[in-house]
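Taking it in order: structure first as structure tokens, then the write-up.
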Amino acid sequence: MSEIEIESRNLDLWYGSAQALKEITMAMPEKKVTAIIGPSGCGKSTFIRCINRMNDLVKDCRITGELLFEGTNIYGNSVDAVELRKKIGMVFQKPNPFPMSIYDNVAYGPRVHGLRNREELDRIVEESLKASALWNEVGDILDRSAIDLSGGQQQRLCIARTLAVKPKVILFDEPCSALDPISTAKIEDLINTLKHDYTIVIVTHNMQQAARVSDHTAFFLLGELVEFGKTKQIFELPEKKSTEDYITGRFG
Amino acid sequence: MKTNERIIELLLFLSAATAVTIVALIIIFLLKEGLPVLVKVGIIDFCLGMKWNPIAIAGEPSYGIFPMIVASFYVAIGSLIIAVPLGLACAVFLAEIAPSWARSILKHAIELLVGIPSVILGFVGLVLLVPFIRDHFGGWGFSILAGSIILAIMALPRIISISDDAIRSVPREYKEASLALGATHWHTIRKVILPSARSGIVAAVILAMATSIGETMAVLMVVGNTPILPTPIYDILDPVRPMTSNIVLEMSYATGDHASALFATGIVLFIVVAVLNVISHRALKSKMGTRR
Amino acid sequence: MTSLISPATSDRAAKVMLWVSASISILTLLFILGYIVVQGLPVLTLSFLLESPRLSGAEGGILPAIVGTFCLMLVTLLSAVPIGIGAAIYLAEYAHEGAVTRIISFGVECLAGIPSIVIGLFGYAFLAIYLGFGFSILSGGLALMFMILPWIVRVSEESLKAVPSGLREASFALGATKWQTVSRVVLPTAIPGITTGVILGIGKAIGETAVIMFTAGSSLLMPTSLFDPVRALPYHLYILASEGISDKMAYGSSVVLLVMVLVINLAAVAIQRHYGRHHVRN
Ligand SMILES: Nc1ncnc2c1ncn2[C@@H]1O[C@H](COP(=O)(O)OP(=O)(O)OP(=O)(O)O)[C@@H](O)[C@H]1O
Ligand SMILES: [Mg+2]
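Protein chains in written order, with this note's numbering: chain L, 17 to 268; chain F, 6 to 297; chain W, -7 to 274.
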């Protein structure tokens, strides 16, 4: 059993007066993939956006309870959200490369954190693009605009951009939902490789994907955590009726 | 890092507050310079006084700007009488019947027209329009008519583009419903499209009026600038002096109460234009309110 | 309807009328431009552009007025751009909804609606007299800045708001601070739109006369410092025409002014075209 990296305890979240998360308690182990599944609007995105405090940017968003990262409550007073996000990266549903060159996209994070040395930057860019399996395709067109890449390439670029900051955790919010099957397969392969070095939390609507890539799975429904456990067990022997209904597609 | 961010936010806030600060300063300085005369003469007498005689050789100077207030409205309304029908027709043309080549020509023409400095329009008015009016309609040539025409040319692009927007924002279904009932295109434009776009068009017209009243150079060069009411009052071939011209013409040599009276003219102008702007905004807002 | 004219006929008649209206508008414009250009082109010689005026402008050239206009635009640009873009960034990226923000936006709206002659009066009382800048490039340039500031704020704010929020999120998720996100991602992405707006703003300022009459002065000497008075080109044109000094010179000045405005507007269009596809270099 590996160590617990992220743990939420009785986490409640309100958007204004609407409660979006109710008493979420779960623990995500280090260097494993945790999948979050559930019907649309059940709070999956809301939950993973709590982990790197992206919800700070939403006004009227109120959070109670604890979310521990490496043992400290990230909603504690001494935690700086900007520092936290260096350690917990995020890849979004829609690929969102900056309108800059491929190189500048990947170098953005290190530069923002003060790195100026060109050789060092070159090295990080190359490493990150290799790690995100994009180097072969873009290695000699680093000056091209990132906007010119295909959707799947853009998403892998966004992953490279996240890797360049050297985070410990990577959050994926439906990273493949805007992509074709081939690009999806590439990203799944990538996640399988990345989990040796990173703790990964992935939101997905695709049951097979959850089954293929994750070690643990959490099922959310209407802002509540219904069931959490080993992926194999959730998919083969779910404890709750609603989990089974959802997984077998009989939800309604 | 944190303090850096704070300082930047403060600087940005200060930039953002500049506009409102300038507006406040404008009001303060107008009042500071203009109030002395307003108090001395009395606001009513200043606004309704018929006689503008700031440098009296014998006796008391008098500061009455009623003829100039009338003149400002006179030329502005005159310009609307010309520009509104023409502008509306162009807007309907643009939005409803223009083939794309005609649309692009008219659009570019409008952009060009907006760009022409008003002093150039005034100059053209001075060398072409004023002699034309003198030769063909009589009078001195410098006249309400000349001012109205020049202002109409300036107001045209504004009226066209706002009305065009208003017409375009009329839901397609209205138009289709009418056409489906067998109405002709023109009937549909007149009975369905224009009424639905009415408040947007009204806003455009009032805004054009505010801008015309505030316009200086183009009018100044063609209206003749005599500070009395036209006689008879409906004689559009008579010269007049709008408020803006009054300020420009005398500011360079005015001192004391005289200068103060010019600032007071500025106050009245400011208020008139502000009120019209507010009404225009209201008209636009109410349009937003009634659209679902 | 008991009309004598059939609907089809009135439809056709109305359409003819609309075509006529559109043609009148275009012809008026063409006539004005054509007239100025035809009258003014013969005056345009190198010496007209490069000489100082003699006999109050009845002879010689318009160089000091061109230089004066140029200096005024420089001051206007240098003051309006940082303040205007700063204000837009605050409104688009930092401001929270509330009374303060409403007052700030209201102030921008108000300033936009103030007649230019009132801004001129204010510039005279505040800049020239109260702050002691006198009739000078500085006073005139700042007064023009007051006039185009709202425009620049609005255009910039729109360009900033058009930047997809996904880019901001991506930057924050990489551990960038607010200002890093704004300055390195949002602003560069919005720059083409902002630049176009700024250039168009200068196009508005360059032909403005009422604002500078009592702030920039009317000296026809070459300026040597920020505190020297200058006579901008549109004011020179006004004096030539209204004092009956020389229609010929006035036509020439008009053409020069028109060309300046035209070049500025075309530059704005060119920038918009060029950056149709966004690509920013770091
Ligand atoms: N910024 C916000 N302000 C207010 N309510 C929000 C906001 N973001 C999400 N919500 C609400 O919170 C609830 C959970 O939304 P969330 O985006 O987390 O769902 P999700 O599980 O990710 O759905 P999907 O699968 O469609 O992405 C929804 O009811 C949504 O309407
Ligand atoms: Mg979601």
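Ideal Cβ positions, reconstructed from N, Cα and C, are used throughout, including at glycine. Just so it is clear, the structure is predicted and the values come from calculations on it, not from any experiment.
{"Check": "Any C-beta of chain F under 8 Å from that of K170 of chain W", "Outcome": "yes"}
{"Check": "Q249 of chain L, buried or exposed, once every other Cβ within 10 Å from all chains shown has been counted against 16", "Outcome": "exposed"}
{"Check": "C-alpha gap between A227 of chain L and C58 of chain L, whole angstroms", "Outcome": "20 Å"}
{"Check": "K38 of chain L - partner residues in DSSP beta bridges", "Outcome": "L:E240"}
{"Check": "Three-way DSSP call (helix, strand, coil) for H232 of chain L in this model", "Outcome": "strand"}
{"Check": "heavy atom of ligand 1 below 7 Å from H221 of chain L C-beta", "Outcome": "yes"}
{"Check": "Alpha carbon of M252 of chain W to alpha carbon of A154 of chain W, nearest angstrom", "Outcome": "30 Å"}
{"Check": "Residues that L40 of chain F contacts on chain W, provided the C-beta gap is smaller than 7 Å", "Outcome": "What L40 of chain F touches in chain W: nothing, since even the nearest Cβ is about 12 Å away."}
{"Check": "Any C-beta of chain W under 8 Å from that of P191 of chain L", "Outcome": "no"}
{"Check": "Rounded distance between the beta-carbons of V178 of chain W and E85 of chain W, thought under 8 Å", "Outcome": "7 Å"}
{"Check": "Residue span of the alpha helix (DSSP H) that contains G143 of chain F, given as start and end", "Outcome": "Careful: G143 of chain F lies outside any alpha helix (DSSP H) and carries neither H nor E."}
{"Check": "Residue range of the unbroken alpha helix (DSSP H) whose run includes F33 of chain W", "Outcome": "Looking at the sequence itself, residue 33 of chain W is Leu, so the reference to Phe does not match. That residue, L33 of chain W, is in no alpha helix (DSSP H); it is neither H nor E in DSSP."}
{"Check": "Rounded straight-line distance, which links the Cα of S(-2) of chain W to that of K7 of chain W", "Outcome": "14 Å"}
{"Check": "Any C-beta of chain W under 8 Å from that of R297 of chain F", "Outcome": "At R297 of chain F, the pLDDT of 35 sits below 50, so the modelled position is not reliable; the number obtained from the coordinates is stated separately. False, the Cβ-Cβ gap to chain W never drops below 8 Å."}
{"Check": "Contact between the segment 153 to 167 of chain W and the segment 229 to 242 of chain W (3+ Cβ pairs under 8 Å)", "Outcome": "no"}
{"Check": "Residues proximal to ligand 1 by C-beta, any heavy atom closer than 5 Å", "Outcome": "L:Y31, L:A36, L:S56, L:G57, L:C58, L:G59, L:K60, L:S61, L:T62, L:V74"}
{"Check": "Span of the beta strand (DSSP E) around G81 of chain L", "Outcome": "77 to 85"}
{"Check": "Amino acids of chain W, ordered along the chain, whose beta-carbon sits closer than 8 Å to that of F275 of chain F", "Outcome": "I106, P107, V110"}
{"Check": "In DSSP terms, what T215 of chain L is bridged to", "Outcome": "L:V185"}
{"Check": "Neighbour list for P(-1) of chain W in chain F, Cβ cutoff strictly below 7 Å", "Outcome": "T189, H192"}
{"Check": "Per-residue DSSP class, three states only, for S56 of chain L", "Outcome": "coil"}
{"Check": "Per DSSP, cross-strand counterpart(s) of K246 of chain L", "Outcome": "L:H232"}
{"Check": "Among F:V25, F:L36, F:S291, nearest to S201 of chain F - alpha-carbon criterion", "Outcome": "F:S291"}
{"Check": "Chain W contact residues for V132 of chain F, given Cβ-Cβ distances below 9 Å", "Outcome": "Y27, Q31, A233, D239, A242, Y243"}
{"Check": "Local Cβ density within 10 Å of E252 of chain L, reported as buried at 16 or more and exposed below that", "Outcome": "exposed"}
{"Check": "Alpha helix (DSSP H) runs contained entirely in the segment 30 to 99 of chain F, provided each spans 4 or more residues", "Outcome": "48 to 53, 71 to 97"}
{"Check": "Anticipated Cβ contact below 8 Å, L36 of chain W with V247 of chain W, distance rounded", "Outcome": "6 Å"}
{"Check": "Nearest residue (CA-CA) to L30 of chain F, options W:F138, W:I75, W:I58", "Outcome": "W:F138"}
{"Check": "Where V30 of chain W falls, given that 16 or more other Cβ within 10 Å makes a residue buried", "Outcome": "exposed"}
{"Check": "6 Å Cβ shell around R46 of chain W - same chain, five flanking residues per side excluded", "Outcome": "G52"}
{"Check": "Any C-beta of chain L under 8 Å from that of G167 of chain W", "Outcome": "yes"}
{"Check": "E190 of chain L CB to nearest heavy atom of ligand 4 below 7 Å", "Outcome": "In terms of ligand content, the structure shown lacks ligand 4 and carries ligand 1 and ligand 2 instead."}
{"Check": "Reference V228 of chain F, options F:S250, F:G219, F:T236, closest by Cα", "Outcome": "F:S250"}
{"Check": "Validate contact between the segment 90 to 104 of chain W and the segment 15 to 33 of chain W using beta carbons, cut 8 Å, 3 pairs", "Outcome": "no"}
{"Check": "Span of the alpha helix (DSSP H) around L130 of chain W", "Outcome": "129 to 153"}
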